[in-house]
Each structure stands twice: as C-alpha cells, then as structure tokens.
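These notes are about the structure you will find just below.
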Amino acid sequence: MVEEEGRLMKQMAAFLRHKGLRSMQSDGYALVDDLAKACHADPEDVLEAARTPGKQRFQTLNDGSRFWIRATHGHSLKSVDATKGGLYTEIKNALPLLVHAVAGDSLPIILANGISRNGKPHMLFADSDEEPVLSLGFQDSCNILVYINMAKALFAGIPFSRAPDGMVVSPGITERRRRKTEKIGTIPADFILRVVHRYGASREEVWLPGRGKGQAKGKGGPGNQKQQTLPLTGIPNIIAETLDGNADVVLQPMPAAAKDVQQIEAQLRQEQEQSQQRQLQQRQQMLQAQIQQIQQQQQQMQEQVRMAQLLELNQLRLQQSQLQQAQQQMMFQQQQQHHQVMQRNTSANPQVDPNQSRLAMLQEAAQEVHHLTRQLEEATAVLSTQGLATEGSVPLCCCCGDLSGLCSGPGQGLSQSASMPAAPLSDLVRSLPVS
0 MVEEEGRLMK
10 QMAAFLRHKG
20 LRSMQSDGYA
30 LVDDLAKACH
40 ADPEDVLEAA
50 RTPGKQRFQT
60 LNDGSRFWIR
70 ATHGHSLKSV
80 DATKGGLYTE
90 IKNALPLLVH
100 AVAGDSLPII
110 LANGISRNGK
120 PHMLFADSDE
130 EPVLSLGFQD
140 SCNILVYINM
150 AKALFAGIPF
160 SRAPDGMVVS
170 PGITERRRRK
180 TEKIGTIPAD
190 FILRVVHRYG
200 ASREEVWLPG
210 RGKGQAKGKG
220 GPGNQKQQTL
230 PLTGIPNIIA
240 ETLDGNADVV
250 LQPMPAAAKD
260 VQQIEAQLRQ
270 EQEQSQQRQL
280 QQRQQMLQAQ
290 IQQIQQQQQQ
300 MQEQVRMAQL
310 LELNQLRLQQ
320 SQLQQAQQQM
330 MFQQQQQHHQ
340 VMQRNTSANP
350 QVDPNQSRLA
360 MLQEAAQEVH
370 HLTRQLEEAT
380 AVLSTQGLAT
390 EGSVPLCCCC
400 GDLSGLCSGP
410 GQGLSQSASM
420 PAAPLSDLVR
430 SLPVS
C-alpha cells in the first residue's frame, strides 16, 4: 500500500511539474480528473495522496463543482508562472536561518563550485534545521547541512521565494546578475557560512570558511591559514580547491562518529528485537489463556452431557418399573376376577365342570399376559436401543415404584426386581384356587 502510494505521488509530481496536462493553468493548477486519468488512478486516490501528512508537495482547490490540484514547487514548465495564483511569495528580507541539505559525496563539489540547480527550475532550502522542517523537502540520506548567508545572497541579487509548503526556493544567479566567476543557476561557495553533519536530531560542525586571501602573514593571510578537517563518513581523502585557489580543505573519514552511529543503530536493533520478543511472549500468553478457557468450556459441556444422560437413564428406569408394576397389578386383578367368576358359576350351576371353567379362565388370562408381555418387550427394546441395560436393577415396589426396597405400603409383599419377567403360565395355573 505504501509503495503504491509512493509511485502515485511520483507520477503526480511528474505531470504537475514537468509534463503538464491539458487543463493546466498558468498558476499551476490542473483538474484532478485529468491528473487521475493520466496516472491511471481514481480521483479519490489522487486527493488522498495530495493530503498525505508530513509532505506538503501538492495543493488542492475546490471551485464549487470540480477539484483542482497543483505542485507546491519544482515546476519546469514554461507555461507555469510561479508568481501567479500565490504559488510563490517573494522574500525581500533575509531570514534568520537558511539551510540546504545534500548527500556527503556532493560536499567537495559544493565547496568548490557552490550549490547548483542541477537542471531543476530552482534549489530548495529550509528556514530551520529541525527535523520536522527538513523532512518536508529533503530525504534522510541528505546528511550534510549547508548554511547560507541569505543577507549576502539577497544583496548580490539572488532571488528567494516562499513555496506553499513553507519551503524556500531560489533559481540562483540569473544571467543578468552573472559575474565572470559565477555560473547561472548556482549559489556561489563564498555565500556558505558553515557545514554541519546531520545525525538524526544531533548535529556536528565539520567545516568553517577560510580567513580569505591577500592578507599579511601573521594576520590571517594565506601563510597563517589553518588547514581544516572534514570528518565525513564515506568520503575519500581528497583536496578540494576553493574559489580563491587555496588548497585549504582536507576531507578525511570520521571513524569516531561512524562508531557512534553504528552503536546507535545496534542499540535500536536490540530494542526492536526485545520489543518483538515481548510482543511474542504476550501473544503466547494470550493464546495459552484462550486454550485454557476452551478446555474449561469443554469440561463443562461434557459434565452437562453426562448429567443429562444420567437424568434420562433414571427416567427410563422409572418408566420400566412403572410398566412392570402395572403388569403385576393387572395379573393380580385378573386372578381375583377369575376366582370370583368361578365361584359364581359353581354356586349357580353345580353341574358345571370346574375344569372347563378353569380352562376358559386360563385362556383369557394367557391372552392378557401375552398382550402385556409384548408391551414389556417393546419397552425393553427401546431401552436397549439407547444403550441402557435392564438387567441387575434394584427391586421396585409395586405400589409406589420405590427403588430402595424399604416400602411398607400395601404392595410390600409384591415387590420384585425391575428386570423380573412375567410369571409363567404354569405358575398362574397353580395359583388359581381349586374348588
């Protein structure tokens, strides 16, 4: 995402500064829709890139119906007039501080020939050497700060202007201000006040100008000039000729500062690794806590399932005991009814064969027992299907279904096992009274 936004901003700067668009006006503004079409992007992405915090490379304008956009500086198009539309504001009085940032390998050329536009429409300066201001116009690789005597430059006729993003721009020496020893589009080296090495927020002075030429020895002349050392990392040992022809500047490596930078970088890497380790440990602790919570939930669910199964098992056993109790009660009632019927038949018709009456009674009782047995078998099959054993259960009371076997009610003498089968037919026959 960051790389795509960076590519889009480069394309936007190229069209608004150098290539141009059909809708571009003399003040540098162009339609956002035209710029988005040229960059193969959405207008919303173009506006979002223009509003990127920390970088004020673009300005947007809404005329009520359409959005316009322009670059804040760096225009090379001849059709764009930097003095129109408030693009640049001329600076007439010298600022307290004016600084230009370059890479270390450019310093020897700057000390020899001054600061150059290098084909660009102007040079870029900042009115502060603080990092937030420098980051608006210069990259972090520009670790050399060159301080300019702005009052002297203005007196020499070099123009300076304020860009909309707050940076200071200058085209350098123009042709009508040109002197024989100066080049067009440059700020000569004799306007340089000092040079400072930039280490993040820290600063270290590495160069000061010589005392001049033509003075007597012992009073600051060439014979009394001190050779000044530039401790710059990555710059070879060379001698740069200054503008007056004196070889009074020697560039040497700066091992101490380099070691400091390496130590700082190593410390930063160590802190980053420690921070990553702490984050990893915190993440592991969070995962372990989540795993423990999940395990506790699983245990709770298993306990709930077990309790539900036990409850269902007890209910099924109770139903089974109730069925067996009902069967026994019905058998007991049938025996009593048949006994009463036989007594009535015998008393009403003494000639009736008691064996025939008993046989009829036994047949009816057998049918009823067969029907109850089928019901019991169906209930037992349902219990066995659900994996519930019916053998070996505790005694059940016939009157109340008590599982303890301690009931003292009217059915105390009739209690039997919950799994006891129905009485055989022969037992029923033997239990009938013989008249």
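Residue numbering for the sequence shown is 0 to 434, as defined by numbering that gives the first Met the number 0. Where is the CB? At the ideal position from N, CA and C, for every residue including glycine.
Taking the continuous alpha helix (DSSP H) assigned at residue i, which residues delimit it?
i: S134; result: 130 to 136
i: L34; result: 31 to 38
i: M23; result: No alpha helix (DSSP H) contains M23, which DSSP labels as neither H nor E.
i: I108; result: 106 to 112
i: A150; result: 149 to 154
Leaving out five residues on either side along the sequence, give the residues of the same chain with a beta carbon under 7 Å from the beta carbon of residue i.
i: Y87; result: A81, S160, R161, A162, V168
i: E204; result: R193, V195
i: G19; result: L76, S78
i: D33; result: L20, R21, S22
Measure the alpha-carbon distance for residue i versus residue j and round it to whole angstroms.
i: Q273; j: Q266; result: 10 Å
i: H370; j: Q326; result: 10 Å
i: Q287; j: Q295; result: 12 Å
i: A49; j: L110; result: 36 Å
i: Q269; j: T59; result: 43 Å
i: E89; j: T173; result: 16 Å
i: Q227; j: P208; result: Low confidence applies here, because Q227 scores a pLDDT of 43, under 50, leaving its location unreliable; read the following figure in that light. Distance between the alpha carbons of Q227 and P208 is about 9 Å.
i: A155; j: D189; result: 11 Å
i: G27; j: L106; result: 33 Å
i: Q328; j: Q289; result: 59 Å
i: Q281; j: Q318; result: 56 Å
i: T372; j: Q366; result: 10 Å
i: Q452; j: Q275; result: As shown, the chain starts at 0 and ends at 434. That puts residue 452 outside it, with no answer to give.
i: L309; j: Q303; result: 10 Å
i: L402; j: M306; result: Bear in mind that a pLDDT of 47 at L402, under 50, signals an unreliable position, so the number given afterwards is only what the model happens to contain. If you take the alpha carbons of L402 and M306, they lie about 20 Å apart.
i: Q439; j: S140; result: For the chain, the structure presents residues 0 to 434; residue 439 sits outside this window and is missing.
i: D44; j: P131; result: 25 Å
i: Q283; j: R277; result: 10 Å
i: K182; j: E3; result: 39 Å
i: A378; j: Q334; result: 24 Å
i: Q271; j: A29; result: 44 Å
i: P187; j: M8; result: 32 Å
i: T345; j: N313; result: 48 Å
i: S201; j: R56; result: 26 Å
Within the same chain, show all residues whose beta-carbon is closer than 6 Å to that of residue i, passing over the 5 residues directly before and after it, in chain order.
i: M360; result: H337
i: A93; result: M149, A150, L153
i: I147; result: L97, F190
i: G233; result: Confidence at G233 is low in this model, with a pLDDT of 37, below 50, so its placement is unreliable and no value can be given for it.
Start and end of the beta strand (DSSP E) containing residue i?
i: M166; result: Premise fails: M166 is in no beta strand (DSSP E) and is neither H nor E.
i: E89; result: 88 to 90
i: I68; result: 66 to 70
i: V45; result: First-last for V45: 42 to 49, but that is the alpha helix (DSSP H), not the beta strand (DSSP E).
i: Q58; result: 57 to 61
i: R436; result: What is shown of the chain runs 0 to 434, which leaves residue 436 out entirely.
i: F124; result: 122 to 124
i: V101; result: 98 to 101
i: R161; result: 159 to 161
Could you say which of the options lies nearest to residue i if we only look at CA atoms?
i: K36; options: M11, R16, Q58, R50; result: M11
i: I108; options: T185, V368, R6, V45; result: T185
i: D126; options: K119, V145, G118; result: V145
i: I191; options: R197, T173, G113, Y198; result: G113
i: R6; options: G27, M166, C38, H17; result: C38
i: M330; options: I293, V368, E302; result: V368
i: Q324; options: N344, M166, P42, Q374; result: Q374
i: F124; options: P158, Q138, M166; result: M166
i: Q262; options: K9, L315, Y198, L312; result: Y198
i: A435; options: L315, L358, M341; result: The requested residue 435 is not part of the displayed model; the chain covers only 0 to 434.
Contact defined as beta carbons within less than 8 Å: I believe residue i pairs with residue j. What is the distance between those atoms, to the nearest angstrom?
i: V98; j: D128; result: 5 Å
i: G103; j: N142; result: 6 Å
i: T71; j: D164; result: 4 Å
i: G73; j: K119; result: 7 Å
i: G171; j: I157; result: 6 Å
i: R69; j: L15; result: 6 Å
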